[in-house]
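As you go down the protein sequences, you meet chains A and B in turn. Under this note's numbering, residues 1 to 114 are what the first sequence spells out, in order. Under this note's numbering, residues 115 to 228 are what the second sequence spells out, in order. The beta-carbon is built from N, C-alpha and C at its ideal position, and this holds for glycine as well.
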Amino acid sequence: AQSVTQPDIHITVSEGASLELRCNYSYGATPYLFWYVQSPGQGLQLLLKYFSGDTLVQGIKGFEAEFKRSQSSFNLRKPSVHWSDAAEYFCARLPEVGNEKLTFGTGTRLTIIP
Amino acid sequence: DGGITQSPKYLFRKEGQNVTLSCEQNLNHDAMYWYRQDPGQGLRLIYYSQIVNDFQKGDIAEGYSVSREKKESFPLTVTSAQKNPTAFYLCASTETGGANTEAFFGQGTRLTVV
Chain A
1 AQSVTQPDIH
11 ITVSEGASLE
21 LRCNYSYGAT
31 PYLFWYVQSP
41 GQGLQLLLKY
51 FSGDTLVQGI
61 KGFEAEFKRS
71 QSSFNLRKPS
81 VHWSDAAEYF
91 CARLPEVGNE
101 KLTFGTGTRL
111 TIIP
Chain B
115 DGGITQSPKY
125 LFRKEGQNVT
135 LSCEQNLNHD
145 AMYWYRQDPG
155 QGLRLIYYSQ
165 IVNDFQKGDI
175 AEGYSVSREK
185 KESFPLTVTS
195 AQKNPTAFYL
205 CASTETGGAN
215 TEAFFGQGTR
225 LTVV
């Protein structure tokens with residue numbers, strides 16, 4: 001079954017430090033990959049997405065992600081985190097155009113310490 | 115403004131009762147989704163619909179039912195057969211087609227069984 005795995009349940013980083021959140025997907029042709037962020041009790045906001053082309057994609061709030069087909073990964077990065085980045089982050093996958101089963105990883109909760 | 119509206123924000127249900135959660139979108143999206151969110155389990159797909167009058171079971175459809183009579187509406191009924199319905203429920207819709215594909219989320223409904 002096609003799936004998305006986020007191996008880190010909870011990550012704590014210091015404000016100003018760099019961040020990398022991991023995401024792995026099960027192999028499939030032409031994956032459509034997303035990163036979303038959720039504040040407590042709220043819906044999800046799209047940070048960035050990848051469909052094709054340049055494997056390094058830029059998103060909002062200073063986030064970027066790199067698609068690596070050889071590693072089946074789509075890790076999210078930010079060079080310097082801010083206290084407002086504390087939230088839950090979800091990686092998601094759409095198998096292909098015409099198959100709209102959008103599935104999510106289990107999420108990574110990010111805590112920022114001063 | 116376009117978006118997705120879920121109602122109510124909070125819902126209390128007695129054991130043995132059915133309850134229906136509303137999801138309306140004015141984005142003219144074809145695909146709509148219902149997810150259930152529990153702590154540590156991410157978003158699990160309940161049902162999704164790619165077109166009016168058609169829908170597919172997701173990963174945890176047991177105890178739930180949906181309808182898609184209109185493009186803009188995708189209500190979810192939590193039936194008495196759902197053994198543990200207390201959770202946060204999120205509705206989403208997608209505009210599909212290559213680089214435009216993106217899921218938009220409602221603000222969620224928190225259902226509590228009392």
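Within-9 Å CB hit, residue i to chain B
i, result
"A:A113", "Sequence inspection shows Ile at residue 113 of chain A; the Ala mentioned does not correspond to that position. Not an interface residue."
Residue-chain proximity (residue i, chain A), Cβ-Cβ < 9 Å
i, result
"B:A236", "Outside the shown range of chain B, which is 115 to 228, sits residue 236 of chain B, and nothing can be said about it."
"B:E216", "yes"
"B:Y149", "yes"
"B:G76", "There is no way to answer for residue 76 of chain B, as the model of chain B reaches only from 115 to 228."
"B:F219", "yes"
Short Cβ contact (9 Å threshold) for residue i with residue j
i, j, result
"B:M146", "B:A201", "no"
"B:R182", "B:S163", "yes"
"B:S179", "B:E129", "no"
"B:L159", "A:F104", "yes"
"B:H143", "B:F219", "no"
Contacts that residue i makes with chain B (C-beta to C-beta distance below 7 Å)
i, result
"A:E100", "A145, Y162, Q164, T208, T210"
Reduced DSSP category for residue i - H, G, I as helix; E, B as strand; rest coil
i, result
"B:R150", "strand"
"B:D168", "strand"
"B:G156", "strand"
"A:K61", "helix"
Same chain only: Cβ atoms within 8 Å of residue i, ignoring 5 sequence neighbours per side
i, result
"A:I11", "L19, L21, T108, R109, L110, T111"
"A:A17", "S80, V81"
"B:R127", "V133, V192, P199, L225, T226, V227, V228"
Cross-chain neighbours of residue i in chain B, by beta carbon under 9 Å
i, result
"A:F90", "G156, L157"
Under 8 Å by beta carbon: chain A residues contacting residue i
i, result
"B:G222", "G41, Q42, G43"
Close beta carbons around residue i, own chain, < 6 Å, minus the five adjacent residues each side
i, result
"A:E88", "Q38, G107, R109"
Contact list for residue i against chain E, beta-carbon separation under 9 Å
i, result
"B:L141", "Reference to chain E is not applicable here, since the protein chains of this structure are A and B."
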